[in-house]
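Working notes, beginning with the structure itself.
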Amino acid sequence: MAVTNAHHIDATPAESIDGDLQYRVPLLPAIDGNTVDIHVEQAAFAENALQFQASLRFLDNRFKGLISAIRGD
């Protein structure tokens, strides 16, 4: 795989990537070997959605303020 931009991550083994690999240790693996904990994933998704909505609301208010200042309201 060729790196076409200086900001791309080099496709070398994981040992050369800065930082540690991150993964969740399963709390209770299922009998079929599935290690995904649906409750943990749903909580992480809900937190991410909340942060996304807060960011959008913040940006929306900033843009409304800028538009108001431009219009002279």
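Heads up, the sequence shown is in this note's numbering, so the first residue is 1 and it goes up one at a time.
For glycine and all other residues, C-beta sits at the position ideal for the given N, C-alpha and C.
When the beta-carbon positions are compared, Arg24 and Val40 come within less than 8 Å of each other. Going by DSSP, Ala54 is part of the alpha helix (DSSP H) stretching over Ile38 to Arg71. Measuring C-alpha to C-alpha distances from Asp37 to each of Ala46, Leu27, Ile31 and Phe45 identifies Leu27 as the nearest.
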